[in-house]
Amino acid sequence: MADPDVLEAPNILEYPYTRSTGLVIGRFFTSLRDGRIEGIRGTDGRVHCPPNEYDPVTGESLGDDAFVDVGPGGEVTTWAWVHRPHEKHPLDRPFAWALIRLDGADTAMVHVVDAGDEARMTTGLRVQPRWRHERVGDIHDIEAFVPEDA
Amino acid sequence: MAETTEPVTMIDTPIELRYRFTAGLAQSRFLRGVEQGRLLGQRCPQCKKVYVSPRGACAACGVPTDEEVEVSDTGTVTTFCVVNVPFYDQKMEIPYVSATILLDGADIGLMHLIQECPSEDVHMGMRVEAVWKPPEERTPSLESIKYFRPTGEPDADYESYGAHV
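As structure tokens, then:
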């Protein structure tokens with residue numbers, strides 16, 4: 001309970017970080033800006049999306065020649081429903097955080113599924129990206145994934 | 151547009167943490183004093199040190215500090231920093247000086263700005279005084295003191311503040 005003798009005030013810390021992407025994630029974001037989703041093929045043939053800078057098996061650098069188009073559709077491999085989004089969440093209505101394995105990829109990417117209702121969410125749900133109107137080259141260029149049959 | 155064909159190399163990832171700060175009883179009394187142009191500290195009953203601003207207990211002795219004492223708004227610069235580096239949301243024009251000031255009667259330094267003199271003139275032992283905002287503009291915040299400025303008195307002997315550097 002608030003004590004009338006004790007002062008209180010908002011204390012807001014802001015860190016306006018700018019981060020360098022590196023070559024691989026930079027290219028991934030550049031492709032998102034163009035409306036494409038790219039993964040990267042490792043030496044064992046598996047396709048990683050989002051792309052890795054280094055081959056997870058050999059540790060070698062993966063270069064421009066290893067990029068491959070994936071998606072845009074994919075399937076939910078696991079998910080968690082957010083009943084009450086907070087102000088920093090990407091949507092202002094309930095949604096799912098999900099791991100989505102895009103077509104042609106062997107690994108899954110965390111993103112948002114705007115399913116409207118938790119009852120629509122299932123493992124194996126087919127989804128498609130909903131692109132942002134004005135894309136700038138970051139992960140939010142995909143506003144959310146939506147169920148294919150929506 | 152060239153801007154949209156260049157490869158992406160940087161992204162903005164702003165972080166914002168929204169806290170609600172509670173000052174506690176001792177600091178609330180201190181801040182209400184500041185609003186009235188007074189600097190109120192607390193003395194430890196064991197080691198007799200005076201804390202400004204007070205936190206309600208002595209960190210060294212681990213006992214409550216119930217005795218309230220008023221200290222002066224003049225003091226001595228113990229350490230200082232000339233800020234030459236611009237940063238986000240900077241309120242001051244650089245260069246400016248941020249200093250630890252040992253108020254007369256206090257045993258712990260208070261951090262504030264030193265103004266009304268060139269930054270290269272600020273030094274350890276310099277005597278300074280608070281420049282308050284007019285009473286109607288004061289709030290329960292150390293911003294009620296605009297800054298400290300040199301008094302023109304001779305420097306304090308190192309022995310008088312050396313234990314607090």
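First to last, the protein sequences are chains A and B.
Read left to right, the first sequence gives residues 1 to 150 (our numbering).
Read left to right, the second sequence gives residues 151 to 315 (our numbering).
Just so it is clear, CB atoms sit at the ideal spot from N, CA and C, and this is done for glycine as well.
Predicted model, so just to flag it, every value in this text is computed and none were measured.
- Here the alpha carbon of GLY137 (chain A) sits roughly 8 angstroms from the alpha carbon of SER31 (chain A).
- For HIS140 (chain A) against ARG132 (chain A), the beta-carbon gap comes to about 6 angstroms, under 8 angstroms, which counts as contact.
- Taking 8 angstroms as the cut-off, the beta carbon of ILE264 (chain B) is found closer than this to the beta carbon of VAL227 (chain B).
- Classified as exposed, ASP117 (chain A) has fewer than 16 neighbouring CB atoms from the shown chains inside 10 Å of its CB.
- Around the CB of PHE237 (chain B), fewer than 16 other CB atoms lie within 10 Å, so the residue is classed as exposed.
- A direct Cα-to-Cα measurement between ALA210 (chain B) and LYS199 (chain B) gives close to 10 angstroms.
- Taking GLN177 (chain B) as reference, the option from B:ILE165, B:CYS194, B:PRO195, B:PRO204 with the minimal CA-CA separation is B:PRO204.
- DSSP places SER294 (chain B) within a helical segment (H, G or I) once states are collapsed to three.
- Assignment of GLY174 (chain B) by DSSP, reduced to helix, strand and coil, places it in the helix class.
- Contact annotation for ASP162 (chain B) against chain A: PRO16, TYR17, THR18, ARG19, ASP138 [CB-CB distance below 9 angstroms, chain order].
- For MET242 (chain B), the closest alpha carbon among the candidates B:LYS296, B:THR229, B:THR163, B:ILE165 is that of B:LYS296.
- ALA108 (chain A) and LEU167 (chain B) have their C-alpha atoms spaced approximately 29 angstroms apart.
- Close CB contacts of ASP103 (chain A) within its chain, under the 6 angstroms cut and outside five residues either way in sequence, are with GLY71, GLY73, GLY74 (chain order).
- Taking a beta-carbon distance threshold of 8 angstroms, ASP5 (chain A) counts as an interface residue toward chain B.
- With a cutoff of 8 angstroms on beta-carbon distance, GLU60 (chain A) and PRO51 (chain A) are scored as not near each other.
- Using a 10 angstroms sphere on the CB of ALA80 (chain A), the tally of other CB atoms stays under 16, which defines it as exposed.
- DSSP lists no beta-bridge partner residue for ALA105 (chain A).
- Collapsing the DSSP output to three states places ILE139 (chain A) in a helix.
- PRO290, SER291: these are the residues of the segment 279 to 303 of chain B whose beta carbon lies less than 9 angstroms from some beta carbon of chain A, given in chain order.
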